[in-house]
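Enquirer: My questions will all concern the structure given below.
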Amino acid sequence: MTDPHPVTATRTPVQFDTDELVINMGPQHPSTHGVLRLILRLDGERVVDADVVIGYLHRGIEKLSESRDWTQIVLLTDRMDYVAAATNNLGYCETVEKLMGLEVPRRAQYIRTVLAELQRLASHLVWLGTHAMDIGAVTVFLYCLRERELVLDLFEEYCGARLTYNSRRVGGLPADLPVGWDRKVREFCDIVDQKIVDYEQLLTQNRIWLERTRDIGVISGADAIAMGFCGPPLRASGVMRDVRKDEPYAAYEEFAFDIPVGAAGDTYDRYLVRLEEFKQSTRIIRQALDGMPEGPVMGKVPRLIKPPAGETYHAIESPKGEIGFFIASDGKSLSPYRFRVRPPSFCNLQVLPKLVRGHLVADVVALIGTIDIVLGEVDR
Amino acid sequence: MIETLVVPLVKIAVLLVGILTAVAYLVLLERKVQAWVQVRLGPMRVGPHGLLQPVADVIKLIIKEDITPARADRWVYTLAPIIVLVPALVVFAVIPFGPETNVFGIRMPLHVADINVGLLYIVSIASLGIYGTILGGWASNSKYPLLASLRASAQLVSYEVAVTMTLVSMILMAGSLSMVEIVESQQARGLWFVFAQPLAFFIYFVGGLAETNRAPFDLPEAEQELTGGFHTEYSGIRFALFFLAEYANMIVIAAVATTLFFGGWLRPFPSVAALGLLDIVPGWIWFLLKTFVLLYVFLWVRATLPRYRYDQLMRLGWKVLIPLAIANVIVTAIAVVVL
Amino acid sequence: MEPAEPPVPPSALPKPAPKPPAPKAEAKAPPAPPGPPDQAPPDDLARPDYLAPLEQACPGGVSQVSYWVGDWTLIVPRDRLVEVATWLRDTPESRFDFCSDLTAVDWPPRAERFDLVYCLYSVPHRRRVRLKVRLKDGEAAPSVTGIWPAANWFEREVFDMFGIRFDGHPDLRRILMPDDWQGHPQRKDYPLEGPGELLLEDPLEWLKLRNAAREAEFE
Chain B
1 MTDPHPVTAT RTPVQFDTDE LVINMGPQHP STHGVLRLIL RLDGERVVDA DVVIGYLHRG
61 IEKLSESRDW TQIVLLTDRM DYVAAATNNL GYCETVEKLM GLEVPRRAQY IRTVLAELQR
121 LASHLVWLGT HAMDIGAVTV FLYCLREREL VLDLFEEYCG ARLTYNSRRV GGLPADLPVG
181 WDRKVREFCD IVDQKIVDYE QLLTQNRIWL ERTRDIGVIS GADAIAMGFC GPPLRASGVM
241 RDVRKDEPYA AYEEFAFDIP VGAAGDTYDR YLVRLEEFKQ STRIIRQALD GMPEGPVMGK
301 VPRLIKPPAG ETYHAIESPK GEIGFFIASD GKSLSPYRFR VRPPSFCNLQ VLPKLVRGHL
361 VADVVALIGT IDIVLGEVDR
Chain C
1 MIETLVVPLV KIAVLLVGIL TAVAYLVLLE RKVQAWVQVR LGPMRVGPHG LLQPVADVIK
61 LIIKEDITPA RADRWVYTLA PIIVLVPALV VFAVIPFGPE TNVFGIRMPL HVADINVGLL
121 YIVSIASLGI YGTILGGWAS NSKYPLLASL RASAQLVSYE VAVTMTLVSM ILMAGSLSMV
181 EIVESQQARG LWFVFAQPLA FFIYFVGGLA ETNRAPFDLP EAEQELTGGF HTEYSGIRFA
241 LFFLAEYANM IVIAAVATTL FFGGWLRPFP SVAALGLLDI VPGWIWFLLK TFVLLYVFLW
301 VRATLPRYRY DQLMRLGWKV LIPLAIANVI VTAIAVVVL
Chain S
1 MEPAEPPVPP SALPKPAPKP PAPKAEAKAP PAPPGPPDQA PPDDLARPDY LAPLEQACPG
61 GVSQVSYWVG DWTLIVPRDR LVEVATWLRD TPESRFDFCS DLTAVDWPPR AERFDLVYCL
121 YSVPHRRRVR LKVRLKDGEA APSVTGIWPA ANWFEREVFD MFGIRFDGHP DLRRILMPDD
181 WQGHPQRKDY PLEGPGELLL EDPLEWLKLR NAAREAEFE
């Protein structure tokens, strides 16, 4: 019998060409939360390596601040983490107050705390919505934005702006609370507490949600500290670290609240930690409203803000993590000599390549969501 | 002459127009249902409550620029949407919308063709569409569509097995492959098969969600991951064809489920004579009503659930649904023989 | 399937070279300060407990201790940085295991014009310290990525913004600015006013506009 297909001398054994597939994710991609660009090296759908490219939103805020006076910079800080602008304002103002040794009236401290926690609620709502949408639960996104609208309404009533508030001044606050505002905040807290239950019903025990988030992007506590993880992701890895407790600022020392801590350090724990933070935030807000002291909201501030020569670093807990300001003043000019922000999103994003390695493309999306970045802050 | 040529042609024309309209309004329904679930209003601008939105959509899709990516395989790129759409439409030929009815004095059955291997025809034709998906993803010469089309093919092949297995158990129940006879068998037993075969229906429904790329199995078009899926590069009328085929497929799945599990054109509880009053409603209305309810569930699921991941989807298909389906076939076979 | 394409650099557009600073503008600027004051701690203030063991373990590792508005700063010679940093991270009484920030400040007239600032935090002890390393222009600093992996991007940013190189950094590339950018924006001598697009399109028009602006400023 003759072989109908004789093996010729030129025929080489079949070899499968298994190239890695390089995929550009972003900067225009629906779920990179802005202009983040990931260069993914894929083996099939599995991520072999990832390179993070940032800087598309770089506006030189640090450099710009060196030619703005101390009051104008409050505005610039709004533009960093635009989902949590009020927190950035607070961090900056406190740093300058620390440099100048200013006293802030107690009422202002309380209001600042309320605003910061409202902002945390708003930021976490955006996070929950976008994170859920990345995993495919579109409805949660709209529910979360519905509640966030209420926070924006509250801010609008307080300072007139809905996104970039410019809501703090060095030494205090621009305005006292509007009449009846605290009642609305209380109503809002009740609504949020109630809606959290809804979100939990939609997600927490959902089989698909569990499968998509459990054991995804696991990072141990020691690794998380070494890699500079901060905020809820760090706490989800079991590290008890919250600037509000460890280095209290504003009026946090006076309130009772718990710091939720995870155990596994996976996406699901990060989700649970943030959900618990919702409840703790409303708890803080209620306490602050109950104990709201009377008095002025603006401390004694020199007409010209001009800190003495020196430098300092001050950090507060933004919804994303530890946001720190390193400010050097030369004591002569009307603007900071050096203005540096330690952006929590930037530090958390740094861990992303480590988290995504070995996971599937679909998980990359979930992991970008879970570390909760805002590109305005990453790139400044 | 009239019986052999005109009537079938008229039927086909009516069916085509009906399906295309149904698809257009299914899209609107989907947007509306999602909007209501998500405390929104949905389309409201075009016509009262957005009722003319499908017309606007169609006009938009037709007059949009039809772009072919620079290094795409032109022929295949153009062919792919057609390959996807044609099977989705052809399948409707064997779906019986109602019993024999008098239409304008002519007595005719409400289906285009009753072939004795109807179910087999549906299974084989419907799975042809996947070629279009693969070719479209491949011909776009772009990475995301390629990934998506690979996902789609793997997904469809896996779930096809489970779905076909459930169909086998239905064939065992009815003793026929003809769609009409399956309905008649349900009439004879006075029982919708969904009550006899709830597991088969469940597997069929989940498999149907997966085969039509619906949430929570909408991986091939996972917008958040793959920026749109296998039709990322498509625009204009060619994109519209993909879109049309997807929704037509949904209707097919729902219509087949109605025929197999919900007694086709039969009224609820066909054996209970006390409900004879319900017979006033023509059969085709019952059929459309049941199909509509099933479609509504499709949309409802989409608004509620997150998305599975690729490997989890495969695990669910191969490790859960297929064994269940096979077990179901065996149990059904034994039951049919013994009883 | 085609072979995978290599990743393109983030910005394919070449950026115009920044204009060298006009000498006139430099003359007008007030004399820059010689550097941060680095105030010595008051005598009656208790020094942090890790300081004495540190000086014992690394003699000469801390050249100066400063205290200002509650922050302790240790000024460390460049070649002792890794040693001091490793000690601070590993010793139980300090345990500065969290590198919360790393940045630089440019003080041009000074010979050692750059201050590298390391903001450290100890999670177990809940306290902070800052390390400061002074560098001349063109001098490279030792990388601390081996001690705190978190420093990776911070060092890239300092390199991007100040042009300070880090010896032993695994991947020292620009991070915020495009790869082909020229100059380092956070340096104090970086021109604040670039040539702009008009200069490329129509140089004569640009010159006219600039002269008009100068005249207006003069009047």
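Note that the protein sequences, when read in sequence, are chains B, C and S. For the first sequence, position 306 matches number 306 in my numbering, and the numbering has no gaps at all. For the second sequence, position 227 matches number 227 in my numbering, and the numbering has no gaps at all. For the third sequence, position 45 matches number 45 in my numbering, and the numbering has no gaps at all. Virtual Cβ for every residue (Gly too), placed ideally from N, Cα, C. These figures come from a predicted structure and were not determined experimentally.
In the structure shown, what three-state DSSP assignment does Q64 (chain S) receive?
Expert: The answer is strand: DSSP assigns Q64 (chain S) an E or B state.
Enquirer: So the beta strand (DSSP E) E322 (chain B) belongs to, where does it begin and stop?
Expert: Looking at the DSSP string, the run of the beta strand (DSSP E) that includes E322 (chain B) is 321-329.
Enquirer: Where does the unbroken alpha helix (DSSP H) through F97 (chain C) begin, and where does it stop?
Expert: Looking at the DSSP string, F97 (chain C) is not in any alpha helix (DSSP H), and its letter there is neither H nor E.
Enquirer: Excluding five sequence neighbours on each side, which residues of the same chain lie with their C-beta closer than 8 Å to the C-beta of V301 (chain C)?
Expert: Correct list, in chain order: L209, R214, A215, P216.
Enquirer: Check each residue of the region 149-167 of chain S: if its Cβ is closer than 9 Å to any Cβ of chain B, include it; give the result in chain order.
Expert: Within the region 149-167 of chain S, the residues whose Cβ lies closer than 9 Å to some Cβ of chain B are P149, A150, A151, N152, W153, F154, E157, D160, M161, listed in chain order.
Enquirer: Drop a sphere of 10 angstroms on the beta-carbon of W286 (chain C), count the other beta-carbons inside from all chains shown, and report buried for 16 or more, exposed for fewer.
Expert: W286 (chain C) comes out buried.
Enquirer: Any residues in the region 187-218 of chain C with a beta carbon nearer than 9 Å to a beta carbon of chain B? Which ones, in chain order?
Expert: Those residues of the region 187-218 of chain C that come within reach of chain B (Cβ to Cβ, closer than 9 Å) are A215, P216, D218.
Enquirer: Got a sec? Which residues, its chain only, sit under 7 Å from R283 (chain B) by beta carbon, not counting five neighbours each side?
Expert: F257.
Enquirer: Contact check, V365 (chain B) vs K320 (chain B) under 8 Å by CB: the rounded distance?
Expert: Not a contact, Cβ separation roughly 18 Å.
Enquirer: Can you give the beta carbon distance from L81 (chain S) to V62 (chain S), rounded, assuming they're within the 8 Å contact cut?
Expert: At roughly 11 Å, the Cβ-Cβ gap does not stay under 8 Å, so L81 (chain S) and V62 (chain S) are not in contact.
Enquirer: Span of the beta strand (DSSP E) holding K319 (chain C)?
Expert: No beta strand (DSSP E) contains K319 (chain C), which DSSP labels as neither H nor E.
Enquirer: Anything in the region 36-53 of chain C with a Cβ closer than 9 Å to a Cβ of chain B? List those residues in chain order, please.
Expert: Flagged, chain order: V37, Q38, V39, R40.
Enquirer: For a test of the three-state rule: what should DSSP assign to V170 (chain B), helix, strand or coil?
Expert: Reduced to three states, the DSSP call for V170 (chain B) is coil.
Enquirer: Does DSSP put F155 (chain B) in a helix, a strand or coil?
Expert: The answer is helix: DSSP assigns F155 (chain B) an H, G or I state.
Enquirer: Note down, in chain order, every chain S residue with its Cβ under 8 Å from the Cβ of L99 (chain B).
Expert: Neighbours of L99 (chain B) on chain S, chain order: V69.
Enquirer: Assuming contact is defined by CB atoms lying nearer than 7 Å, are G171 (chain B) and G299 (chain B) in contact in what I supplied?
Expert: In this structure, G299 (chain B) lies closer than 7 Å to G171 (chain B) by Cβ.
Enquirer: Scan the region 120-151 of chain B for residues whose Cβ lies nearer than 9 Å to a Cβ of chain C and list them as they occur along the chain.
Expert: Residues A132, M133, D134, I135, G136, A137, V138, T139, V140, F141, L142, Y143, R146.
Enquirer: So with Cβ pairs under 7 Å, would you call K143 (chain C) a contact of chain B?
Expert: Judged by the 7 Å Cβ criterion, K143 (chain C) is in contact with chain B.
Enquirer: Among the residues of its own chain, which have a CB less than 7 Å from the CB of L163 (chain B), if the five just before and after it don't count?
Expert: Only Y82, A85 meet the Cβ criterion.
Enquirer: Are S158 (chain C) and G317 (chain C) closer than 7 Å when you measure CB to CB?
Expert: A contact, by the Cβ cut-off of 7 Å.
Enquirer: Interface residues of chain B around D311 (chain C) at Cβ under 7 Å?
Expert: Under the 7 Å cutoff, chain B gives L360.
Enquirer: Straight-line CA distance for M250 (chain C) to T212 (chain C)?
Expert: The straight-line gap from Cα to Cα measures roughly 6 Å.
Enquirer: Can you tell me whether W127 (chain B) sits near the ligand HEM, meaning its C-beta is under 6 Å from at least one heavy atom of the ligand?
Expert: This structure lacks the ligand HEM; in fact it carries no ligand of any kind.
Enquirer: According to a CB-to-CB cut-off of less than 7 Å, which residues of the region 97-112 of chain S neighbour chain B?
Expert: Those residues of the region 97-112 of chain S that come within reach of chain B (Cβ to Cβ, closer than 7 Å) are D97, F98, C99, S100, D101, T103, V105.
Enquirer: Taking the beta carbon of A22 (chain C) as the centre, do at least 16 other beta carbons fall within 10 Å, making it buried, or is it exposed?
Expert: Buried is the call here.
Enquirer: Quick one, which residues of the region 297-323 of chain B are near chain S if we go by CB-CB under 7 Å, in chain order?
Expert: Within the region 297-323 of chain B, the qualifying residues are A309, G310, E311, T312, Y313, A315, E322.
Enquirer: What three-state label does DSSP hand A141 (chain S) in the structure shown?
Expert: A141 (chain S) falls in the strand class under three-state DSSP.
Enquirer: Distance cutoff 7 Å, beta carbons only. Does L227 (chain B) sit that close to anything in chain S?
Expert: Before going on, a small fix: residue 227 (chain B) reads as Met here, not Leu. By this cut-off, M227 (chain B) is an interface position.
Enquirer: Check each residue of the region 41-69 of chain S: if its Cβ is closer than 7 Å to any Cβ of chain B, include it; give the result in chain order.
Expert: Residues passing the 7 Å Cβ filter: W68, V69.
Enquirer: Assuming contact is defined by CB atoms lying nearer than 7 Å, are R309 (chain C) and A315 (chain B) in contact in what I supplied?
Expert: No, these two residues do not count as a Cβ contact at 7 Å.
Enquirer: For the putative contact between V336 (chain C) and M165 (chain C), defined by C-beta atoms under 8 Å, what is the C-beta separation to the nearest angstrom?
Expert: That pair is no contact at about 15 Å.
Enquirer: Using beta-carbon positions only, say whether Y121 (chain S) and F154 (chain S) come within less than 7 Å of one another.
Expert: Against a cut-off of 7 Å, the Cβ pair of F154 (chain S) and Y121 (chain S) comes out as no contact.
Enquirer: Can you list the residues of chain B that Y308 (chain C) reaches, using a CB-CB cut of under 7 Å?
Expert: Going along chain B in sequence order, the residues near Y308 (chain C) (Cβ under 7 Å) are I208.
Enquirer: Counting only Cβ-Cβ distances shorter than 8 Å, please list the residues of the region 51-72 of chain B near chain S, keeping chain order.
Expert: Under the 8 Å Cβ criterion, the region 51-72 of chain B contributes D51, V53, I54, G55, Y56, H58, G60, E62, K63, S67.
Enquirer: Is the Cβ of Q201 (chain B) closer than 7 Å to any Cβ of chain S?
Expert: Closer than 7 Å: no.
Enquirer: Any beta carbon from chain C within less than 7 Å of I191 (chain B)'s own beta carbon?
Expert: For I191 (chain B), the answer is no, since every Cβ of chain C falls outside 7 Å of its Cβ.
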